[in-house]
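Heads up: the structure comes next, in structure tokens.
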Amino acid sequence: MASAQAAVLNAVREPLSVEPLAVRDPRDGEVLVRLGASGVCHSDLHAITGDLPMPLPCVLGHEGAGVVEKVGAGVQRVKPKDHVVLNWVPFCGSCWYCNMARDVPRLIDLYRAGKLKLDELITRRYRLAQVNEAFTAMEKGEVARGVIMFE
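Quick note on this note's numbering: the sequence shown kicks off at 23 and runs consecutively.
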């Protein structure tokens, strides 16, 4: 069984703990993604503060980007080595959020061509070990769009 580092919330209003976790192979319909970056999200901050009750312990970091490592049986939309973006909204294929996904390849092309300046929107980058600093800065209003980098 493989392992990975994760930002774990063990108790409300306590610092996150960066811990090694065992990672099982994906089951039917699941995808295993190696994250390159994860957003510092207000939903996660609400879990930390207890405003959004979550069963504890829990792993935070539901918005991100990475590369597909493995796919479970029945997965057809992606394959290993595909680059993907993760979001908190499950993919239904018919709502406004899902229909936006048709624009992603065009947006990626614009970004790669230097015509979509996404990097300028990131106010600060953090290493995984700085995850608590990132959420503290967000809570204080010092950072609008922070990103945790997994390098």
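Ideal Cβ positions, reconstructed from N, Cα and C, are used throughout, including at glycine.
Keep in mind that this is a model prediction, so the values were computed, not measured.
C-beta atoms of residue i and residue j nearer than 8 angstroms
i: Val126; j: Thr145; result: no
i: Ala59; j: Ala87; result: yes
i: Tyr148; j: Glu142; result: no
i: Phe67; j: Phe157; result: Looking at the sequence provided, one finds Leu at residue 67 rather than Phe. In contact: Leu67 and Phe157 (Cβ atoms closer than 8 angstroms).
i: Phe172; j: Leu150; result: yes
i: Arg56; j: Val89; result: yes
i: Gly83; j: Gly51; result: no
Straight-line gap, residue i to residue j (C-alpha atoms, nearest Å)
i: Arg128; j: Gly61; result: 22 angstroms
Beta-ladder partner(s) of residue i, from DSSP
i: Val169; result: Gly61 and Arg147
i: Glu142; result: For Glu142, which the question treats as bridged, DSSP gives no partner whatsoever.
i: Pro42; result: Gln27
Whole-number beta carbon distance between residue j and residue i, since they are thought to touch under 8 angstroms
i: Pro102; j: Glu85; result: No, Pro102 and Glu85 are not in contact; Cβ-Cβ is about 22 angstroms, not under 8 angstroms.
i: Ser25; j: Leu38; result: No, Ser25 and Leu38 are not in contact; Cβ-Cβ is about 18 angstroms, not under 8 angstroms.
Contact with chain C by residue i, beta-carbon distance below 8 angstroms
i: Val40; result: Here chain C cannot be found, since the structure has a single protein chain.
Whole alpha helix (DSSP H) elements within the region 68-134, 4-residue minimum: 118-122 and 126-134
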